[in-house]
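Quick note on numbering: the sequence shown equals residues 14 to 438 in my numbering.
Virtual Cβ for every residue (Gly too), placed ideally from N, Cα, C.
Just below is one structure, and these are the notes that go with it.
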Amino acid sequence: MNKELYDLLVCDSDCTKNLKEFLSKHKRDSDLKVVLNIRQGMGESKVFSYVDRFAWDNEDLAQELRKIFLKAGALDYRININYSHQKKRQVSKLLVNLTSNQKEKLNEFSDKVFHAQNMAELEKIVNDAIKSGVRLNYSLSQDSFSGNEYTFTDYVMKKISELEKNPKVASNIICQLVSKGAVFGNTVDANTLTSEFKEHKTNLKKAYRDYISNSHKFIEIAKSATNSELKDARVDNSVFYLEYSKDSKIDIIKITDGARDLGLTDGDVKCGRNIVKIGNSEVEIKIEDGIRNYTDLTEGSDVILTFYTSLGELEVRLYPDEKNKNWIKVEVSEEGLLLLDKIESYNEAIEDCNEGIENYEEIGQNCLLGGLSVIEAIDRGVFARSGGLMRPELISESNKQKGSWVKREELRRVSDSREKIANLP
């Protein structure tokens, strides 16, 4: 059915007539909706991407075909996630550009897939790759919408077609990929095993329903974690990307705990990443052993991390160093210095009274800035960018002027407690 559809989609006077006949012929077939909603690249609709090509020569035809497909039940994922043509060209740099460790892991597992000798070995490789957080839908072209180069998922599917048949294990591999959000683009269709393994289609539907269910739950968590609008959400194995409107304040712990509870960051995740965009600022947060590590910001970003303490809120400003691209600047305001002094005095009093560690005021528990404790990062004034919290943190966009923030040499050492992020215009 998929082949029949694309064979008739040619830019001529009979195109709309042929399309309507095709849709009428298959309207009672449950597979029609599947064919109309195949996704490619990093999730863009295949059929609408195809129609967009007609717009160069015949915009009216493209618009007519779009209406016909929408009426027939095709989903334009760009519209659903509020993405325009212009937005496509502004895809997250942190999402597209992998760190050296992430690329190394992706290449390592892709190479293992290439050398797999049998289906059982391939299944183990895929399971290990998923647990490690490997991006399933990442293309080395770094063009997340073109789908012109093979992804990890494509390599796995190609290998399945080359190895000696074992339909049950092959089905397990495909369903595991689907449950983690894999997109099947350039190679064998995920549904090809149906005739060889009778339970495949049922298992595939369950895997897809599980993925959709978890995705919807995660999106609801991401929405509930802000005082403003969630504009876009993407999940690829253990990687998530969330885009919020300008001036949003975001409860990070609610998001990271939610991802963990849904199994999105389950396992020994060495190359997973979490990217939050607020306005024009993007922040990368890596989670390992329950510790949130703020590792990178895109150029032009300017955010505020707010740590909540019993004595007040401590705002810590993060932004890339303009002179040294390897550093992220860490600053606090004059009011923040006063709060740090109060916390230090409070902790000294606690120590003098021998009241115990449970009464000690700590800032940034389970939180690191570039691998440093929050207080150590404040002391240094910078950190090197990467390529179950008592008091959760929030991210928001900063609107402070640079002159009102204090550099590291004016700071005093203290401990830490709970954060929040915000973005600076």
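Per DSSP, what kind of secondary structure is residue i in: helix, strand or coil?
i: V343; result: strand
i: V139; result: helix
i: S58; result: strand
i: L351; result: helix
i: K211; result: coil
i: I51; result: coil
i: S386; result: strand
i: E335; result: coil
i: F324; result: According to the sequence shown, residue 324 is Leu rather than Phe. Looking at L324 - three-state DSSP - the assignment turns out to be coil, as it is neither helix nor strand.
i: V196; result: coil
i: R330; result: strand
i: L381; result: strand
i: L318; result: strand
i: K262; result: strand
i: A133; result: helix
i: V427; result: Confidence at V427 is low in this model, with a pLDDT of 33, below 50, so its placement is unreliable and the value that follows should be read with caution. Coil.
i: D25; result: coil
Would you call the CB atoms of residue i and residue j closer than 8 Å?
i: S323; j: V296; result: no
i: L119; j: V147; result: yes
i: A129; j: K171; result: no
i: N250; j: G303; result: no
i: I288; j: S105; result: yes
i: R273; j: V252; result: no
i: N216; j: C188; result: yes
i: L49; j: V60; result: yes
i: R398; j: N306; result: no
i: I391; j: V316; result: no
i: E242; j: Y254; result: no
i: L381; j: V343; result: no
i: V387; j: D334; result: no
i: F82; j: F122; result: no
i: M12; j: L45; result: Any property of residue 12 remains undetermined from this structure, which presents the chain solely from 14 to 438.
i: F320; j: I376; result: yes
i: S228; j: V248; result: yes
i: T269; j: I232; result: no
i: K230; j: L275; result: yes
i: N110; j: E177; result: no
Measuring only between beta-carbons, confirm whether residue i sits less than 8 Å from chain B.
i: E34; result: Checking the listed chains, one finds no chain B in this structure; it contains a single protein chain.
Where does the unbroken alpha helix (DSSP H) through residue i begin, and where does it stop?
i: G271; result: 265 to 274
i: I37; result: Contrary to the premise, residue 37 reads as Ser rather than Ile in this sequence. Start and end: 28 to 39.
i: E175; result: 165 to 175
i: F122; result: 113 to 128
i: R79; result: 72 to 85
i: E375; result: That residue, E375, is in no alpha helix (DSSP H); it is neither H nor E in DSSP.
i: L18; result: 15 to 21
Mark residue i as exposed unless 16 or more other C-beta atoms lie within 10 angstroms of its C-beta, in which case mark it buried.
i: L351; result: exposed
i: G292; result: buried
i: Q115; result: buried
i: R222; result: exposed
i: A362; result: exposed
i: A183; result: buried
i: D5; result: One cannot answer for residue 5 here, as it falls past the ends of the chain, which runs 14 to 438.
i: D281; result: Note on D281: pLDDT 47, under 50, position unreliable in the model; the coordinate value appears next. Classification of D281: exposed, given that the 10 Å Cβ count is below 16.
i: A133; result: exposed
i: E57; result: buried
i: F127; result: exposed
i: I225; result: exposed
i: H213; result: buried
i: G160; result: Since pLDDT at G160 reaches only 43, below the 50 mark, its modelled position is unreliable, and no value is offered.
i: V329; result: buried
i: E136; result: buried
i: V23; result: exposed
i: K290; result: buried
i: G349; result: buried
What residue range does the beta strand (DSSP E) around residue i cover?
i: S294; result: 294 to 301
i: E256; result: 252 to 257
i: D309; result: 304 to 310
i: L108; result: It is not in any beta strand (DSSP E) - L108 instead sits in the alpha helix (DSSP H) that spans 106 to 109.
i: V289; result: 287 to 291
i: V248; result: 243 to 249
i: V395; result: 395 to 397
Problem - Given 8 Å, three or more beta-carbon pairs between the stretch 232 to 244 and the stretch 181 to 198 - result: no
Exercise for the section: For the stretch 25 to 37 and the stretch 71 to 84, state whether three or more C-beta atom pairs, one from each stretch, are separated by less than 8 Å. Expected result: yes
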